[in-house]
Structures are given as structure tokens and as C-alpha cells.
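> As numbered in this note's numbering, residues 10 to 228 make up the sequence shown, in order. We treat Cβ as the ideally placed atom computed from N, Cα and C, and that holds for glycine. Values in this document were obtained by computation on a predicted structure and should not be read as measured data. One structure follows; several queries about it will come next.
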Amino acid sequence: MDGVHDLGGIAGFGPVEPEPDEPVFHHEWERGVLRTFLALGSSGVMNGGRFRHSIERMEPGHYLTSSYYEHWLTGLATLAVERGIVTRAELERRAGGAFPVSGPDRGVPPDPDAPDRTEARFVVGDHVRVREWHPPGHTRAPRYTQGRRGVVVRDDGAFSVPDVEAHSDHTRREPTYSIRFSAEELWGEGHEPDEAIHVDLWEGYLVADPPDQTRGAAR
Numbered sequence: 010m011d012g013v014h015d016l017g018g019i020a021g022f023g024p025v026e027p028e029p030d031e032p033v034f035h036h037e038w039e040r041g042v043l044r045t046f047l048a049l050g051s052s053g054v055m056n057g058g059r060f061r062h063s064i065e066r067m068e069p070g071h072y073l074t075s076s077y078y079e080h081w082l083t084g085l086a087t088l089a090v091e092r093g094i095v096t097r098a099e100l101e102r103r104a105g106g107a108f109p110v111s112g113p114d115r116g117v118p119p120d121p122d123a124p125d126r127t128e129a130r131f132v133v134g135d136h137v138r139v140r141e142w143h144p145p146g147h148t149r150a151p152r153y154t155q156g157r158r159g160v161v162v163r164d165d166g167a168f169s170v171p172d173v174e175a176h177s178d179h180t181r182r183e184p185t186y187s188i189r190f191s192a193e194e195l196w197g198e199g200h201e202p203d204e205a206i207h208v209d210l211w212e213g214y215l216v217a218d219p220p221d222q223t224r225g226a227a228r
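Here it is as C-alpha cells:
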């Protein structure tokens, strides 16, 4: 899903400033959010893909001006409303005012009824390209990798496809890989030849892209 949450490679947001000796929770209410996350996850109300997409659907201004656990709280509240566990009115009554939730889920699961695939199509050393597409729903292919060329450096086995998880009650497994991209391929000129980024990607995001004489192989 294209959205403000997919910030990789976007300039203008300033440096990442880690907090020395950062505590697990800055406020006691954050501990309660984690408990809610564990409760909803263990009860089957959500899975990883569905939870992440509930946060991706946040109003952009709210997303950028809220904290990590506020993202979690908004996503969990959204899922609880959508699943009929609580109503928006009940949330606002307990909060004593407006309680923001995310927008509606407009995503469509890709081939949810297709069988699991566990046999890897690619092997270490294969040259691949990440598909470039702009789904309205969830995907774990970062925007900065889409359309870019890389090389398979590791076969990680088959895992549940988050694009399916996020929009259905089904799961489907397919092979995953660690793909090595040169920094120049992702970010343009100005990087050392040996600078690289490794990204874990599902097989459905990839197409074969063997190098030819008109362009160099992805480093």
C-alpha cells in the first residue's frame, strides 16, 4: 500500500535520533496497549498482516504526529470496531471525547485460495527484479525496492504471505529470500561500489531478471 507509513528512502524527515537508555514504556498506558495486542492476537482477532494494515490505514497527519504506541492503539481500536468487539461510540464514551480510528480496508487478497508453495523458484545467485505495483492493500515489499534489481543471497524457506493475511481469514505460504541490492541501484549515484542493502522478500514480489550486455549486473 502506498502511504505515509512507507518512508524508506524519503528525504526531509531529519536524522534518526536514538534515545540513550530508552525505557520499554514511556507511559503506563503503553503497557496496556501491549497487553491488548497480545490479547487480540492470541484470540485470533488479528494476525500480523491485518494488524500492520490497520496502522497503514491511519489518516496521514495523525500517523506523522503520533507515537509508536499510539499507532498500535489506533490500529487495535480499529480492528476491535471492525470485528464488532466494541463500537466507536463506546470508545469515545470511555475516552471522554473523540477517538480516532483508521480508514476502511480497501485491499484485496492476492489468490487467497491458491495452494501453498514451498519449492523455491529461485536459487542463490539468481538475478531478480522486484515487481512494481501499487496495491490499495497491504504488502511487505517496500516502495524503495519496487522496480529495482538485485541478487538472491539466501533462501529463507516458505512463510505465510502477509498480503493474504491482511485481507482475509486465510493464509498461504510461499518461499522467501534475502535479496542483495547495491546502494546505487536503490538510491542512485554517490555510493561506494561495495555498499549494499539486504531485504527479505516473498517470491510473489519477484520476477527473473538475468543481466545482459546492455546493462551491468546488480552488484
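Using a Cβ-Cβ cut-off of 8 Å, state whether proline 184 counts as contacting chain C.
Of the protein chains in the structure, only one exists, and it is not chain C.
> If you pair each beta-carbon of the region 179-192 with each one of the region 115-131, do three or more pairs fall below 8 Å?
Cβ pair count under 8 Å is three or more, so yes.
> Reducing DSSP to helix, strand and coil, say where isoleucine 94 ends up.
Position 85 of the sequence shown holds residue 94. For isoleucine 94, the three-state secondary structure derived from DSSP is coil.
> Would a C-beta distance cut-off of 8 Å place aspartate 218 and histidine 136 closer than the cut-off?
For the purposes of this step, residue 218 is taken as the residue at position 209 of the sequence shown. For the purposes of this step, residue 136 is taken as the residue at position 127 of the sequence shown. Contact: yes.
> Would you list, in sequence order, the uninterrupted alpha helix (DSSP H) runs of no fewer than 4 residues that lie entirely inside the region 104-155?
With a minimum length of 4 residues, no continuous alpha helix (DSSP H) run stays inside the region 104-155.
> For the pair the region 145-165 and the region 32-48, tell me if three or more CB-CB distances fall below 8 Å.
no
> Out of Gly197, Gly21, Pro119, Pro171, which one is the CA nearest neighbour of arginine 149?
As a working mapping, residue 149 is identified with position 140 in the sequence shown. Closest option to arginine 149, Cα to Cα, is Pro171.
> Tell me which residue opens and which closes the alpha helix (DSSP H) that arginine 44 is part of.
Here residue 44 refers to the residue found at position 35 when the sequence shown is read from its first residue. Here the alpha helix (DSSP H) through arginine 44 covers 37-51.
> Going by C-alpha distance, which of Arg59, Ala205, Glu37 is nearest valine 173?
The residue given as residue 173 occupies position 164 in the sequence shown. The option with the nearest alpha carbon to valine 173 is Arg59.
> Hey, tyrosine 72 and glutamate 39: beta-carbon distance below 8 Å or not?
By one-based count along the sequence shown, residue 72 stands at place 63. By one-based count along the sequence shown, residue 39 stands at place 30. For tyrosine 72 and glutamate 39, no; Cβs fall outside 8 Å.
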